[in-house]
Amino acid sequence: MIPYEELSIVNAPYRKELAACFEEVVVRGRFILDREVELFEKEFASFAGCSFGVGVASGYDALCIILRSLDLSPGGEVIVPANTCMPTVLAVIHAGFQPVLVEPDFRTYNLDAALMERAITRRTVAVVAVHLYGSCAPMPELVAVAERAGVPIVEDCAQAHGASIFGRMAGSWGAASAFSFYPTKNLGALGDGGMVLTRSADLASKVKAWRTYGETQKDTHTYPGVNSRLDEMQAAFLRIKLRDLDRMQAHRKTIADIYDAGLGPDFIRPLRRQGYTDVHHIYPIRHPERDRLREHLAKNGVQTKIHYPVPPHRQPVLQPVLSGQEFPITDEISRTVLSLPVSTAIEPSQAEEVVRVLNRF
131 MIPYEELSIV NAPYRKELAA CFEEVVVRGR FILDREVELF EKEFASFAGC
181 SFGVGVASGY DALCIILRSL DLSPGGEVIV PANTCMPTVL AVIHAGFQPV
231 LVEPDFRTYN LDAALMERAI TRRTVAVVAV HLYGSCAPMP ELVAVAERAG
281 VPIVEDCAQA HGASIFGRMA GSWGAASAFS FYPTKNLGAL GDGGMVLTRS
331 ADLASKVKAW RTYGETQKDT HTYPGVNSRL DEMQAAFLRI KLRDLDRMQA
381 HRKTIADIYD AGLGPDFIRP LRRQGYTDVH HIYPIRHPER DRLREHLAKN
431 GVQTKIHYPV PPHRQPVLQP VLSGQEFPIT DEISRTVLSL PVSTAIEPSQ
481 AEEVVRVLNR F
């Protein structure tokens, strides 16, 4: 069996260091917003080319808190890619805004700048740009459109730790960015966790208040905040793995390069763009007979996943919001996309076997 993901293998190189770190934090006896969180906030912000990092409980919370901290007009419209994971859309709703779905570029699966510009109205208060599958959305174009319209861009970087465009990191383009450290991410915790990055000291201060019941100082609650804090233990674990992230990214690139070079012409591979550095969180291919192809792979011992089998506009919870709107590009991606194993749990020899099995289809 070639697993899609196996976290025991992914975390095996760090077991001794993680165990020692666990003991150190337990002995210190400080478990909420202490030394490890503060250090990781600084280290991860520096890694992504931002000034400030604020650790929160999840990537979803990061996005929701950003939207609540930007002083946007309540109930306004927020543009979101139609082709994204459902939590992106739910964060917009729970922050008190109306999601407006916009189709992706069929070649990149990320937000289409021209379609985004057409969707902007007087009610638009923000844009959420998702860096899907570990490949950056076209931020220079998106930022130019947003600046003309006078609306902020928020980046959803849950799948894009270390992705970049001409050396500028994902997470450093917009007003703020949201990262997830869910265990399967390229930089994954041993539980949940998230981070807000920004260049604005004022916004960082608001986010810090929002994550702790809206407190701007002890027992003074300025905002209707929430309880969403990155755990001290998870921050300590993430600091260990951050130091090794370049090696993990290089491993994923090796696997992706094997797929890029070896797959036959029947499979639509990810688009590679000059100046864009992908981090291969997901390796998506497309094929018109996706379901039969997936069955073929499973019979030959290759696990796969679909990102995403039910797109946001097909979810029951959004039917009252979308009023029967159609998104044919997103539907076609959802119908034909298939994610191949690409994590650090996969060896190059296994990727070569995946290629052989695919090419026999």
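For our numbering, add 130 to where a residue sits in the sequence shown, where the first one is 1. Quick reminder that beta carbons are idealized off the backbone N, C-alpha and C, glycines included.
Under the DSSP assignment, P270 falls in the alpha helix (DSSP H) whose first and last residues are M269 to A279. Relative to the Cα of V485, the nearest Cα in the group Y413, P450 and Y438 belongs to Y413. Our two residues, G301 and P204, have alpha carbons roughly 25 angstroms apart in a direct line. P217: not part of any beta strand (DSSP E); member of the alpha helix (DSSP H) spanning M216 to H224, first to last residue. With at least 16 other beta carbons inside 10 angstroms of its own, N240 counts as buried. Boundaries around I388 are those of the alpha helix (DSSP H), L375 to G392, since no beta strand (DSSP E) includes it.
Closest by C-alpha distance to S138, out of E483, R298 and T474, is T474. Residues Y190 of the same chain have their beta carbon placed closer than 7 angstroms to that of P217, with the five preceding and five following residues left out of the count. Of the candidates R165, D396 and V140, V140 places its Cα closest to the Cα of Q379. Proximity to R416 across V208, V467, F309 and A244 peaks at V467, based on C-alpha coordinates. In the DSSP assignment, V485 is bridged to no other residue.
Put simply, of S199, A187, L262 and R145 the residue whose alpha carbon is nearest the alpha carbon of D408 is L262. Contact fails between the segment 426-438 and the segment 354-372, because fewer than three Cβ pairs, one in each stretch, are under 8 angstroms apart. Taking C-beta separations shorter than 7 angstroms and ignoring five residues to either side along the sequence, the partners of T346 in its chain run A339 and T352, following chain order.
In the displayed model, S307 falls within a strand according to three-state DSSP.
A distance below 9 angstroms separates the beta carbons of V326 and A306. For C266, the closest alpha carbon among the candidates E277, G292, T350 and R252 is that of G292. Ranked by Cα distance from V472, the first of N316, P234, Y312 and L245 is N316.
Here M325 is bridged, per DSSP, to G185 and F309. For the options I295, F296 and Q289, the alpha carbon positioned closest to that of A308 is the one of Q289. In the structure shown, R298 falls within a strand segment according to DSSP collapsed to helix, strand and coil.
In this structure, R237 places its C-beta atom within 9 angstroms of the C-beta atom of L401.
In the same chain as Y389, and ignoring 5 residues on each side of it, the C-beta atoms closer than 8 angstroms to its own belong to R399, Y413, I415, L470, V472, A481, V484 and V485, in chain order.
Straight through space, the alpha carbons of D286 and P234 are spaced by roughly 15 angstroms. In this structure, A249 lies away from P268, with their beta-carbon atoms at least 9 angstroms apart. With a contact defined as Cβ atoms closer than 8 angstroms, E173 and A366 miss out at about 12 angstroms.
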